[in-house]
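Q:
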Amino acid sequence: MPHYDEVPTPLDLFRMFITEDILSNIVDQTNLNAMRKKNLALKLSLEELRRFLGVQMLMSILKLPAVRMYWENGIRYSPVADTMSRDRFISLRSFFHICDDTLMIPKGEVGHDKLFKIRRLYDAFRENLKKIDSEEIQSIDEQMIPFKGRIGFRQYLKDKPHSWGVKVFTRAGIS
């Protein structure tokens, strides 16, 4: 873990939590998912996955009404359009996978895990959080991550600006 005498870059923080092992697993599972669903050899590589994730992050910052608009003439957003083609991006997005769905225990059966699809990522994230030194003065608060989709642990909190979503607890230090 980096020492926080120096301010880490966003890329440092990303690499702290999304390790090469996690990225390799995503490459394997995404390629497997494409083969299983469409008998398609997607041939996703680690480098292309990094570019795909970068495009996703850029799109979350500069939001356009439709994904295709990042590539359209007149609106074209070069940092996205020059990184990968629209069709390749859409293909990767449709097959993106973190886990092997064939191993999931069905809902209602003993051992079913609501977090199965993200369990490996979740566990790795938690382990890396434990490596960060606690500060002497800190605050713990609850936060709502806005989410309107279907998920087994979505909550409603009337006093939050975003009433529906996933409730998480945050720990913040003075630094």
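In numbering that gives the first Met the number 0, the protein residues as written are 0 to 174. Glycine included, C-beta positions come from ideal geometry on N, C-alpha and C.
Report all residues from its chain with a CB closer than 6 Å to the CB of W70; omit the five preceding and five following residues, and keep chain order.
A: Once the five neighbours on either side are set aside, the close Cβ partners of W70 are A80 and R85.
Q: State the Cα-Cα distance for the pair P1 and R153, rounded to the nearest angstrom.
A: Its pLDDT being 49, under 50, P1 is placed unreliably by the model, and the measurement read from it follows with that caveat. Taking the straight line joining both Cα atoms gives about 33 Å.
Q: Assign A33 to buried or exposed, taking buried as 16 or more other Cβ atoms, counted over all protein chains shown, within 10 Å of its Cβ.
A: With 16 or more Cβ atoms within 10 Å of its Cβ, A33 is classed as buried.
Q: Quick one: grab the DSSP three-state call for P9.
A: Reduced to three states, the DSSP call for P9 is helix.
Q: As an exercise, report each continuous alpha helix (DSSP H) stretch of at least 4 residues that is fully enclosed by the segment 67-106, in chain order.
A: Taking only runs of at least 4 residues, the alpha helix (DSSP H) segments lying wholly in the segment 67-106 are 77-80 and 85-94.
Q: What residue from T169, I131, D112 and D122 has the CA that sits closest to M103's CA?
A: Among T169, I131, D112 and D122, the Cα nearest to that of M103 is on D112.
Q: Count the CB pairs spanning the segment 136-150 and the segment 116-123 that are closer than 8 Å, and state whether there are at least three.
A: They do not touch, by the three-pair rule.
Q: Less than 7 Å between the beta carbons of Q55 and I97, yes or no?
A: Not a contact, by the Cβ cut-off of 7 Å.
Q: Which residue from V165, D158 and S138 puts its Cα closest to that of M147?
A: Per the sequence shown, the amino acid found at residue 147 is Lys instead of Met. Selected option, being the one with the closest Cα: V165.
Q: Going by DSSP, name the residue or residues bridged to I139.
A: R170, per the DSSP bridge assignment.
Q: Give me the Cα-Cα distance between S133 and R125, rounded to the nearest whole angstrom.
A: Straight-line Cα distance between these residues: approximately 14 Å.
Q: How is V109 classed by DSSP in three states: helix, strand or coil?
A: Three-state result, V109: coil.
Q: Tell me where the alpha helix (DSSP H) around N32 begins and ends.
A: From DSSP, the alpha helix (DSSP H) with N32 extends over E19 to K37.
Q: Measuring alpha carbon to alpha carbon, tell me which residue in F13, E5 and F88 is nearest L43.
A: Nearest option by C-alpha distance: F88.
Q: Give the range of the alpha helix (DSSP H) segment to which G53 is assigned.
A: From DSSP, the alpha helix (DSSP H) with G53 extends over L45 to I60.
Q: In the DSSP assignment, what residue or residues form a beta bridge with Y155?
A: BP columns for Y155 point to W163.
Q: Please tell me whether, using a cut-off of 6 Å, the distance from the CB of D86 to the nearest non-hydrogen atom of the ligand MN is below it.
A: In the structure shown, the ligand MN is absent, as is every other ligand, since no ligand is present at all.
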